[in-house]
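What follows is a single structure, written as structure tokens, with notes after it.
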Amino acid sequence: MARAIEAFEATLTTPDSRFDRLLAGQDSLDAEELHGLSLFVDKGCIACHAGVNLGGQAYFPFGVVERPGADVLPPTDKGRFTVTQTASDEYVFRAAPLRNVALTAPYFHSGQVWDLRQAVAIMGNSQLGHELDAREVEAIARFLHTLTGRQPRVEHPLLPASTAATPRPE
């Protein structure tokens, strides 16, 4: 079953985001989105959210500068430590890929943040030590919206209706 899910997930590519088109020289971003991209790079977000998916390849401590409160980071959820039992893995989590991030609320492993702007502000403070002002948060969020690609069409098979003769699961 795991291999079937993996094979299906591999088909869920979302190309043709506005950011992809910008990189290919086929589109441009507006001034606010470009400012957000510049902030994303200059503030250091790119250090963890790099590569084709803008993250997803590595693990980092959550709260490098300041650990978020229990409303975002429950004290009982110690990240990779739960798996490795290695002290240095406490509160270490995978840097999520940011492709389609505008569509994937709630945010963070705890699922406690439902607003992309709030997530940006938390990351700026907790990970980078930057208290982002409202304009910076908005600009970065506007840039993150440009990472939304063309969504795949998923068609579910129509199964025959169950009848009295349909075998029941054991």
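Going by the working numbering, the first residue of the sequence shown is number 506, and it counts up by one from there. Glycine residues also receive a C-beta, built at the ideal position from the N, C-alpha and C atoms.
When only Cα atoms are considered, P665 and E675 end up about 20 Å apart.
Looking only at A607, S615, L633 and F648, the smallest Cα-Cα distance to L621 is reached by A607. Around the CB of M628, 16 or more other CB atoms lie within 10 Å, so the residue is classed as buried.
In summary, L528 is exposed, with fewer than 16 beta-carbon neighbours lying within 10 Å of its beta-carbon over all protein chains present. In the DSSP assignment, V597 falls within the beta strand (DSSP E) that extends over V597 to R599. Two segments are said to touch when three or more pairs of C-beta atoms, one from each, lie closer than 8 Å; by this definition the stretch 646 to 662 does not touch the stretch 563 to 571.
Here A669 is exposed, its C-beta having fewer than 16 other C-beta atoms within 10 Å. The straight-line gap separating the alpha-carbon atoms of N605 and S543 is approximately 19 Å.
Within the DSSP bridge table, the entry for P566 names V597 as partners. Cβ-Cβ distances below 7 Å link A626 to L637 and V642 in the same chain, with the five nearest sequence neighbours on each side left out; the list follows chain order. In this structure, R655 places its C-beta atom within 9 Å of the C-beta atom of S522.
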